[in-house]
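These notes are about the structure you will find just below.
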Amino acid sequence: MEYKAWCVRCKTKTDVKDPKEVEYNLGVRGKRRAVRGTCSVCDTKVSAILKSK
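With my numbering as the guide, the letters of the sequence shown map in order to residues 1 to 53.
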């Protein structure tokens, strides 16, 4: 699946290279799914929160 995330350095939405799905632990509020990877343009680390199921 192809993911897009906001790159702070490029200031645009870019494709995520080497995406890995992770879960953020929000404590009492539960967990949130997200994707982490690198920007396909400048190789900066990027992450995006995914919609809940």
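Every residue, glycine too, gets a C-beta built ideally from N, C-alpha and C.
Reduced DSSP secondary structure (H/G/I, E/B, other) of residue i
i: V41; result: coil
i: E29; result: In the sequence on display, residue 29 carries Arg and not Glu. Helix at R29.
i: R9; result: coil
i: Y24; result: strand
i: S47; result: strand
i: K53; result: coil
Per-residue burial, residue i [other beta carbons within 10 Å of its own, 16 or more giving buried]
i: Y24; result: exposed
i: G27; result: exposed
Cβ separation of residue i and residue j, assumed to be a contact under 8 Å, to the nearest whole Å
i: A5; j: K13; result: 7 Å
Contact with chain B by residue i, beta-carbon distance below 8 Å
i: V22; result: Protein chains in the displayed structure number just one, and chain B is not present.
| query | Is there contact between the region 3-23 and the region 38-48, where contact requires at least three CB pairs shorter than 8 Å? | reply | yes
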